[in-house]
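Chains S and V are the protein sequences, given in the same order. All you need for the working numbering is the position in the first sequence, starting with 1, plus 878. All you need for the working numbering is the position in the second sequence, starting with 1, plus 75. In this text, a Cβ means the ideal position worked out from N, Cα and C, and glycines have one as well. Since the model is a prediction, treat every value here as computed from it, not as a measurement. One structure is given below, encoded as structure tokens.
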Amino acid sequence: MDPIARTAQDRAVTLTSAVESPNDALLANAARDGDRPAFGVLYDRFGRMVHGILLARVPRSEVDDLAQDVFLQALRRVHTLRDPAAFGPWLAMIARNRATDYHRRARETSELSEEMGVQDPQQAEALAVLCAIKTLPEAYRETLMLRLVEGMTGPEIADRTGLTPASVRVNLHRGMKLLRERLEGGKAHE
Amino acid sequence: MSDDYLWDGSGEPDPEIERLEKLLARFRSSRPAPELPAGFSGAQTISLWMSWKSLAAAAALALLCIGAWYFLRGERPAWEVVNLEGAPRVGSTAIVEKGRIMVGQWLETDGSSRARISIGTIGEVQIDPNTRLRLIEARATDHKLKLVRGKIHAAIWAPPRLFKVETPSAVAVDLGCIYTLEVDETGGSLLHVIFGWVAFETDGHESFVPAGALCERRPGTGTGTPYREGASLAFRAALTKLHFEARSVEERAEALGIVLAEAQKADAFTLWHLLSRLDPRERSRVFDRLRELVPPPAGVTREGILRQDRQMLDRWWDELGLEDTTWWRLWKGPPPAAK
Chain S
879 MDPIARTAQD RAVTLTSAVE SPNDALLANA ARDGDRPAFG VLYDRFGRMV
929 HGILLARVPR SEVDDLAQDV FLQALRRVHT LRDPAAFGPW LAMIARNRAT
979 DYHRRARETS ELSEEMGVQD PQQAEALAVL CAIKTLPEAY RETLMLRLVE
1029 GMTGPEIADR TGLTPASVRV NLHRGMKLLR ERLEGGKAHE
Chain V
76 MSDDYLWDGS GEPDPEIERL EKLLARFRSS RPAPELPAGF SGAQTISLWM
126 SWKSLAAAAA LALLCIGAWY FLRGERPAWE VVNLEGAPRV GSTAIVEKGR
176 IMVGQWLETD GSSRARISIG TIGEVQIDPN TRLRLIEARA TDHKLKLVRG
226 KIHAAIWAPP RLFKVETPSA VAVDLGCIYT LEVDETGGSL LHVIFGWVAF
276 ETDGHESFVP AGALCERRPG TGTGTPYREG ASLAFRAALT KLHFEARSVE
326 ERAEALGIVL AEAQKADAFT LWHLLSRLDP RERSRVFDRL RELVPPPAGV
376 TREGILRQDR QMLDRWWDEL GLEDTTWWRL WKGPPPAAK
């Protein structure tokens, strides 16, 4: 077989395997080589995690752009990842670092811009709850964002972020308790 | 109720969590996977190594120049200002789309202008028409504006006490997280808390204003008391008269009588604040009414309250069903429940 054709065939086999396989590092490597379906699978699998981690730390209007940065940064550096099983925690770390970097650069923010004047009570309440979550201690804030905003379950959060299930459960329990107290306090005279 | 639903969605659904999930779903990630940049490839990364190296050197040089420029220029901290409507001005400069306000500068809107300021990375303030304010502090540990006229809407998502607004009659200290603050031509200020808490401080007095409550201050005429939006008109009018208008002992006594008669259980926090604002005789009347609405806990005595025993006042506050006093008064880190 023509060597070029063979290479193409091999690559196709590799990519198909990557998309069907749960091996995240394999997917990342394929995506790094420009494979769109592999990138799509990775994004589906980790998009909510990255979005939630960023939402817990930076203004909402910045989250989507930063999430894209995080994925592209991860793809560029995936060859440095020694343990393929650690892709999720590694990606989570990149997202947290990206948020820190965002604050270090003290870029301008524009959260709640349009919404502040909006009279929709549900939107106002949703923003207020988001605000309340953002004032919680960091560990609770991130876990609650993933659970309540991104719709991930506790086991999913543990699986994607690399936190132990026990830690996630404790963070959810304590975070929710604090959030309830904060919301009840906030609504005491409504 | 067990935590199963919170943990993995199994078990009996928790109505509050279900409600929050529905409410917050609007903020969920909805953008599809972004396009990979054209030519995105690890191989290209290697083949273009020399180009990247050149670019990196140029970027480093550019950063060095920018850093030196900022250093030599002595740039002061600044926040972004966005024109929402009309022609807001920072100093003498009109903000067309976006601009910046530096520490010490004034921002002003006329009758047809509105603007928005990003408070570093901790929140935003929307500025209504006919408003004048100044940026006083823009440090990571202290964010402060001075509002001399007009109305602002603040939304802050930072730990308590990082953001403050000075007015001619009081200082609003954010305890998280949404409120409006208005200053009229006389320098009087009106605070309206939409969500969370705000401390309103002046002359050594501190009012803790919860969501759904307002608090008024007028320069030179004493300290107002927070009251809830739903308080009766008679209650609100009498409270205003008591603090700002009554000239004689008789007028004060009459106004206080109306306040006490109109007070409902939800107004207990107003009466609690009055305990430290009025003279001993008036305080005694407030004690009697507050005791009817919310009985004091064991150990909290009339004598102790009348002599302003801080511990007893705090213990009674804790009976009101609002946040624990330690949470808002002594905040220096996570609330007690987090420890």
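Other residues of its chain near residue i: CB distance less than 7 Å, five sequence neighbours each side excluded
i                : result
A903 of chain S  : V956, L959, P962 and F965
L1056 of chain S : L1014 and Y1018
H267 of chain V  : Y254, T255 and L289
A230 of chain V  : G198, E199, C252 and I253
S359 of chain V  : L381
T1021 of chain S : I1035, V1046, N1049, L1050 and G1053
S77 of chain V   : G86
E93 of chain V   : none
L395 of chain V  : A343, F344, W347 and V369
A1010 of chain S : L1057, R1060, L1061 and G1064
R276 of chain V  : A small fix is needed here, since residue 276 of chain V is Glu in this sequence, not Arg. Answer for E276 of chain V: A245, V246 and V248, listed in chain order.
T1042 of chain S : A1036
V258 of chain V  : L222, V223, R224, G225, T242, P243 and S264
I972 of chain S  : V948, Q951 and A952
V324 of chain V  : none
Contacts around residue i, its chain only, beta-carbon distance under 8 Å, and the 5 residues preceding and following it disregarded
i               : result
G149 of chain V : Reliability fails at G149 of chain V, whose pLDDT of 45 lies under 50, so the model's placement of it is uncertain and no value is given.
P88 of chain V  : Y80
K340 of chain V : L368 and V369
S991 of chain S : With a pLDDT of 42 at S991 of chain S, under the threshold of 50, the modelled position of that residue is not reliable, and the figure given next carries that caveat. Excluding residues within five positions, the ones whose Cβ falls inside 8 Å are S939.
G29 of chain V  : Nothing about residue 29 of chain V can be read from this structure; chain V reaches only from 76 to 414.
S282 of chain V : A274, F275, E276, C290, T298, G299, T300, P301 and H348
P355 of chain V : L381
A286 of chain V : V268, I269, F270, G271 and W272
P409 of chain V : Residue placement at P409 of chain V is poorly supported in this model, since its pLDDT is 34, which falls under 50; the coordinates still yield a value, given next. Counting only Cβ-Cβ distances below 8 Å, and skipping sequence neighbours, we find nothing.
Presumed contact (8 Å Cβ cut-off) between residue i and residue j, rounded CB distance
i                : j                : result
A313 of chain V  : V284 of chain V  : That pair is no contact at about 19 Å.
L933 of chain S  : V1027 of chain S : 6 Å
A207 of chain V  : G225 of chain V  : The displayed chain sequence assigns Arg, not Ala, to residue 207 of chain V. With a Cβ gap of about 6 Å, R207 of chain V and G225 of chain V count as contacting.
A190 of chain V  : I170 of chain V  : 6 Å
L1061 of chain S : V1007 of chain S : 7 Å
P301 of chain V  : P243 of chain V  : P301 of chain V to P243 of chain V, Cβ: 19 Å. No contact.
A977 of chain S  : R935 of chain S  : 4 Å
A909 of chain S  : L953 of chain S  : 5 Å
S104 of chain V  : H981 of chain S  : Going by Cβ atoms, the distance from S104 of chain V to H981 of chain S rounds to 21 Å, so no, they are not a contact pair.
K316 of chain V  : A330 of chain V  : 4 Å
T1031 of chain S : G262 of chain V  : Incorrect: roughly 54 Å between the Cβ atoms, too far for contact.
A215 of chain V  : G1029 of chain S : Not quite, the Cβ-Cβ distance comes to about 33 Å (not below 8 Å), so this is no contact.
L159 of chain V  : A1004 of chain S : Not really, about 22 Å apart at Cβ, beyond 8 Å.
Which residues DSSP lists as bridging residue i, in chain order
i               : result
F238 of chain V : V:H218
V165 of chain V : V:T168 and V:L182
E155 of chain V : V:R175
D354 of chain V : For D354 of chain V, which the question treats as bridged, DSSP gives no partner whatsoever.
K427 of chain V : Residue 427 of chain V falls outside the range modelled here, since chain V spans only 76 to 414, and no answer is possible.
G912 of chain S : BP columns for G912 of chain S are empty, so no partner.
G225 of chain V : V:V258
T197 of chain V : According to the sequence as given, residue 197 of chain V is Ile; it is not Thr. Bridge partners of I197 of chain V: none, in fact.
L208 of chain V : V:L182 and V:L222
R189 of chain V : V:E160
D249 of chain V : V:V273
A213 of chain V : V:H218
6 Å CB neighbourhood of residue i in its chain, flanking five on each side removed
i               : result
P371 of chain V : W391
E291 of chain V : L265 and G299
G161 of chain V : S187 and S188
E183 of chain V : R164 and R207
I227 of chain V : V200, I202 and L256
G174 of chain V : V156 and V165
P999 of chain S : none
K417 of chain V : Residue numbering for chain V in the displayed model covers 76 to 414; residue 417 of chain V lies beyond these limits and cannot be assessed.
G379 of chain V : M387
I31 of chain V  : No information on residue 31 of chain V is available, as it lies outside the stretch 76 to 414 that chain V covers here.
N205 of chain V : G186 and G225
Secondary structure, beta strand (DSSP E): runs of 3+ residues fully inside the segment 263-349 of chain V: Every unbroken stretch of the beta strand (DSSP E) spanning 3 or more residues and falling wholly within the segment 263-349 of chain V is given here in chain order: 264-277, 280-285 and 288-292.
At 4 residues or longer, and completely inside the segment 958-1046 of chain S: list those alpha helix (DSSP H) runs for me, N to C. List check, alpha helix (DSSP H) in window: 965-982, 999-1012, 1016-1022 and 1032-1039.
Beta carbons nearer than 8 Å to chain S: which residues of the segment 95-106 of chain V have them? Closer than 8 Å at the C-beta level to chain S, one finds these residues of the segment 95-106 of chain V: L95, E96, L98, L99, A100, R101, F102, R103, S104 and R106.
With 8 Å as the C-beta to C-beta threshold (strictly closer), list the residues of the segment 378-390 of chain V near chain S in chain order. Of all residues in the segment 378-390 of chain V, none has a C-beta nearer than 8 Å to a C-beta of chain S.
Tell me which residues of the segment 1023-1036 of chain S have at least one Cβ-Cβ distance to chain V shorter than 8 Å, keeping chain order. Within the segment 1023-1036 of chain S, the residues whose Cβ lies closer than 8 Å to some Cβ of chain V are R1025, L1026, V1027, E1028, G1029, T1031, G1032 and P1033, listed in chain order.
Residues of the segment 254-284 of chain V whose Cβ lies closer than 8 Å to any Cβ of chain S, in chain order: For the segment 254-284 of chain V, the beta-carbon criterion of a distance under 8 Å to any beta-carbon of chain S is satisfied by I269, F270, G271 and W272.
For the segment 328-351 of chain V, enumerate the residues whose C-beta is nearer than 9 Å to any C-beta of chain S, in chain order. The segment 328-351 of chain V vs chain S, Cβ under 9 Å: A341 and F344.
Quick one: which residues of the segment 1003-1016 of chain S get their C-beta closer than 9 Å to a C-beta of chain V? List them in chain order. Result list: E1003, A1004, L1005, A1006, V1007, L1008, C1009, A1010, I1011, K1012, T1013, L1014 and P1015.
Using a Cβ-Cβ cutoff of 7 Å, what residues of the segment 175-196 of chain V are near chain S? List them in chain order. Answer in chain order: R191, S193, G195 and T196.
Could you run through the segment 296-320 of chain V and flag, in chain order, every residue whose CB is less than 7 Å away from some CB of chain S? Answer in chain order: R303.
Within 9 Å of chain V by C-beta, residues of the segment 966-978 of chain S in sequence order: Listed by position, the residues of the segment 966-978 of chain S near chain V (Cβ gap below 9 Å) amount to none.
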